[in-house]
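Visitor: Per my numbering, residue 365 is the first one in the sequence shown, and the count goes up by one each step. Cβ atoms here follow ideal geometry from the backbone N, Cα and C, with glycine treated the same way. Okay, handing you the structure first.
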Amino acid sequence: NGFNGPSGTTDVNSSNEALSTSFSVAPTLRHTFSSWATAELGYEISRTAFNAGNNVPTTTAQAVNQNVTTEQEHAIVTTGDEFGRFNDVASAQLSQSNGSGALQGASSDVYSNTLSYAVTRTLVVNAEIGHEDISYGGVNAVKINDMTWNGGLVWTPSPDTSVSLGYGHQQGGSSFNLDATYATSAD
365 NGFNGPSGTT
375 DVNSSNEALS
385 TSFSVAPTLR
395 HTFSSWATAE
405 LGYEISRTAF
415 NAGNNVPTTT
425 AQAVNQNVTT
435 EQEHAIVTTG
445 DEFGRFNDVA
455 SAQLSQSNGS
465 GALQGASSDV
475 YSNTLSYAVT
485 RTLVVNAEIG
495 HEDISYGGVN
505 AVKINDMTWN
515 GGLVWTPSPD
525 TSVSLGYGHQ
535 QGGSSFNLDA
545 TYATSAD
């Protein structure tokens, strides 16, 4: 019963096991309008289930044994090369969840418009405005119905490196954001 690890370690037995099962399907339709714009429509349905079976007490099983089905829809329109240094991305991202646990009855509708200007080949300035209507499910559900905004810079010194810095308001709060990416090569 359980995994016998190195001497002096705690064994993990079957009372700590839970089966997690998930799947998703996400068809997407994308069309490019010459060098003027690209439009994308998408839908995704996903299902996740956690089951501890008879490995845990009944009270614990009620918290562990959960399932959620989430449907997501999105629509995005992006300007093309015809606009030169300017770029505009308008998007709508919708999500609805049903099942048990924290995501029961959760939903999210987020609409945004992001304008960008390439100051140089390596530096882009961007500004975003939008609206979110978010409802978290479960006990003590949180609801957020608020305007969103963000402003920042994206520095791309090389094809493998990107650094994004900004300040914005989303999910009901304002904060700084930083994202740095470096793609290593397989050489």
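Among the residues of its own chain, which have a CB less than 6 Å from the CB of residue 461, if the five just before and after it don't count?
Guide: Excluding sequence neighbours, residue 461 sits near 432, 434, 467 and 470.
Visitor: Which partner residues does residue 484 have in the DSSP bridge list?
Guide: Residue 484 is not bridged to any residue.
Visitor: Per DSSP, residue 534 is paired with what?
Guide: Looking at the DSSP assignment, residue 534 forms a beta bridge with 537.
Visitor: Tell me the DSSP secondary structure of residue 445 in three-state form.
Guide: Of the three classes helix, strand and coil, the one that applies to residue 445 here is helix, per DSSP.
Visitor: Just the C-alpha distance for residue 420 and residue 506, rounded to the nearest angstrom, thanks.
Guide: Those two C-alpha atoms are separated by around 30 Å.
Visitor: Quick check on the DSSP output: the beta strand (DSSP E) that includes residue 401 runs from which residue to which?
Guide: Unbroken beta strand (DSSP E) run through residue 401: 401-415.
Visitor: In the DSSP assignment, find the unbroken beta strand (DSSP E) run with residue 452 in it and report its ends.
Guide: Taken as a continuous stretch (DSSP letters only), the beta strand (DSSP E) holding residue 452 covers 450-463.
Visitor: To the nearest angstrom, report how far apart residue 488 and residue 427 are at their CA atoms.
Guide: If I take the Cα positions, the gap works out to 46 Å.
Visitor: Quick one: what's residue 467 bridged to in DSSP?
Guide: In the DSSP output, where bridge partners are listed per residue, residue 467 has none listed.
Visitor: Nearest to residue 522 by CA position, among 532, 399, 510 and 486, is which residue?
Guide: Measuring from the Cα of residue 522, the nearest candidate turns out to be 486.
Visitor: In chain order, what residues of the same chain lie with their CB nearer than 6 Å to the CB of residue 520, ignoring the 5 residues before and after it?
Guide: Result list for residue 520: 486 and 526, in chain order.
Visitor: In three-state terms, what does DSSP make of residue 425?
Guide: Residue state, collapsed to three classes: helix.
Visitor: So is residue 544 buried or exposed if we call it buried at 16+ other beta carbons inside 10 Å?
Guide: Residue 544 comes out exposed.
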